[in-house]
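Residue numbers (my numbering): 431 to 778.
Every residue gets a Cβ at the ideal spot worked out from N, C-alpha and C, and that includes glycine.
Predicted model only: the values in this text are computed from it and were never measured.
The structure appears below as structure tokens.
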Ligand SMILES: [Fe+2]
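Written as structure tokens, this is what we have:
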């Protein structure tokens, strides 16, 4: 775009002289005889530079300099002043003017100053555009890395579920239900994102559990049960090197804590259990009860709901159970899609 200069001076002969000089040098220009007219022209046209007289009756150049810099930060301003008044001009430079010229003008040095100001302005704009472009490139790249990361984790979850046909789709259903509950109780979106991810990986530690224990068709012995109870901590250890969110790790670690403090691994009590873990505990149990297992048939949904209600305050956070049950009764949980998408868990 052609650089256009606005000449602002209340004295007609000086303005005319300046305009003539600019015309000779091939600049495109317009003129204004006072501050109000200058601001009006700036609002209606695109200028690169303003030659601004300091001393004008009424609103002076020093008065409108901050207005111009604030509203049009890309416009360069060169102040024009009487030779005796340079301290004010220097003050203007501190407030954002690029340079000042003294009257009477030496047009060659004015032209030099204009060219330098325009060059500096062009470089600043180019530099800013480059930075913006770079930021977009970096954020696109970060998004690609995040997608690759979430895809890897999803694959890991599928690998886990492939070992155990009875829990196929479990992590996905738990995730979806946990997100519905989290949003219903009004958790902020970043916590909901953490819960979404934690839901997907909450049982990842079962990769470290002996397959015949995992798929045992009968009742577990106490040592087998103790072995299975290791999965939240194994999961946390698997995820620690790749997940930098403490919230996600603590949800995974504590999703088998009980509200009465009798859960594992740490026996945390009530409000000391992370909210995400309390939510996963409820939806995880519901999904486990209503799914077929090697050692029992699936429970009817109503029976599972009454089990949750029985566990209020002992196994489960009562408020979470109430929220879950009311969502379930409104068909917000039951109709969850059980397909396993690959990229469903990617944050925006
Ligand atoms: Fe679990």
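Taking 6 Å as the cut-off, is the CB of residue i close to at least one heavy atom of ligand 1?
| i | result |
| --- | --- |
| residue 504 | no |
| residue 696 | no |
| residue 717 | no |
| residue 747 | no |
| residue 633 | yes |
Output the boundary residues of the beta strand (DSSP E) element that contains residue i.
| i | result |
| --- | --- |
| residue 497 | Unbroken run through residue 497 is the alpha helix (DSSP H), 491 to 501; no beta strand (DSSP E). |
| residue 432 | Where residue 432 is concerned, there is no enclosing beta strand (DSSP E), given that its DSSP letter is neither H nor E. |
| residue 533 | 529 to 533 |
Where do the ends of the alpha helix (DSSP H) carrying residue i lie?
| i | result |
| --- | --- |
| residue 486 | From DSSP, residue 486 is part of no alpha helix (DSSP H); its letter is neither H nor E. |
| residue 625 | 619 to 631 |
| residue 442 | 442 to 454 |
| residue 461 | Premise fails: residue 461 lies in the beta strand (DSSP E), 458 to 462, not in any alpha helix (DSSP H). |
When the Cα atoms are used, what is the spatial distance from residue i to residue j?
| i | j | result |
| --- | --- | --- |
| residue 577 | residue 729 | 37 Å |
| residue 744 | residue 708 | 12 Å |
| residue 681 | residue 558 | 42 Å |
| residue 523 | residue 575 | 46 Å |
| residue 725 | residue 676 | 35 Å |
| residue 445 | residue 480 | 13 Å |
| residue 622 | residue 588 | 22 Å |
| residue 779 | residue 644 | The question about residue 779 has no answer, for the chain in this structure spans 431 to 778. |
| residue 618 | residue 685 | 20 Å |
| residue 710 | residue 567 | 36 Å |
| residue 679 | residue 738 | 25 Å |
| residue 640 | residue 605 | 24 Å |
| residue 625 | residue 760 | 22 Å |
Mind listing, in chain order, the continuous alpha helix (DSSP H) runs of no fewer than 4 residues lying wholly within the segment 699 to 773?
705 to 719, 731 to 740, 748 to 759
Suppose only complete runs of 4+ residues qualify. What are the alpha helix (DSSP H) ranges in the segment 522 to 577, listed by chain order?
none
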